[in-house]
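J.: Pasting a structure below so you can have a look.
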Amino acid sequence: MATRAGDVHDVGRVERVQVRNNVNETKASLMTTEFWAMVGVIAAVLVAARQLDHFSGQEAWTLVSIIAVGYMVSRGLAKAGSGHPDSGH
160 MATRAGDVHD
170 VGRVERVQVR
180 NNVNETKASL
190 MTTEFWAMVG
200 VIAAVLVAAR
210 QLDHFSGQEA
220 WTLVSIIAVG
230 YMVSRGLAKA
240 GSGHPDSGH
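Structure, rendered in structure tokens:
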């Protein structure tokens, strides 16, 4: 007697199916609040450097660099924590 997939003998059998989710957990960089906050802070730093006498251009560009690096590090950590199809997670 051949068994079929809905037979009485299959009652206790459990099939495990792996579901693959292709949705990225992180947004594109231009869609994040952090990106626009970074742009706003950089603009504020450059405006302040232009307006204030005791705030030099070198200090301003150093701060802009620190802000940009901080954003890149935070973005990298966000991407590292998400499973992307091309990353093998």
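Per the numbering used here, the sequence shown starts with residue 160, numbered consecutively. Don't be surprised by glycine CBs; every beta carbon is placed ideally from N, CA and C. Predicted model, so just to flag it, every value in this text is computed and none were measured.
#1: Measure the C-alpha to C-alpha separation of Val200 and Gly240 and round it to an integer number of angstroms.
#2: Can you grab the Cα-Cα spacing for the pair Asp187 / Asp212, in whole Å?
#3: Helix or strand or just coil, what does DSSP make of Lys186?
#4: Could you check whether Val204 and Ile226 sit closer than 9 Å to each other, using their CB atoms as the reference points?
T.: Straight from the coordinates:
#1: As a position in the sequence shown, residue 200 is number 41, starting the count at 1. As a position in the sequence shown, residue 240 is number 81, starting the count at 1. Looking at the two C-alpha atoms, the distance is approximately 26 Å.
#2: Here the question's residue 187 lines up with position 28 in the sequence shown. Here the question's residue 212 lines up with position 53 in the sequence shown. The sequence given here places Ala at residue 187; Asp does not occur at that position. Looking at the two C-alpha atoms, the distance is approximately 38 Å.
#3: Along the sequence shown, one-based indexing puts residue 186 at 27. Reduced to three states, the DSSP call for Lys186 is coil.
#4: Position 67 of the sequence shown holds residue 226. Position 45 of the sequence shown holds residue 204. Yes, Cβ-Cβ distance for Ile226 and Val204 is below 9 Å.
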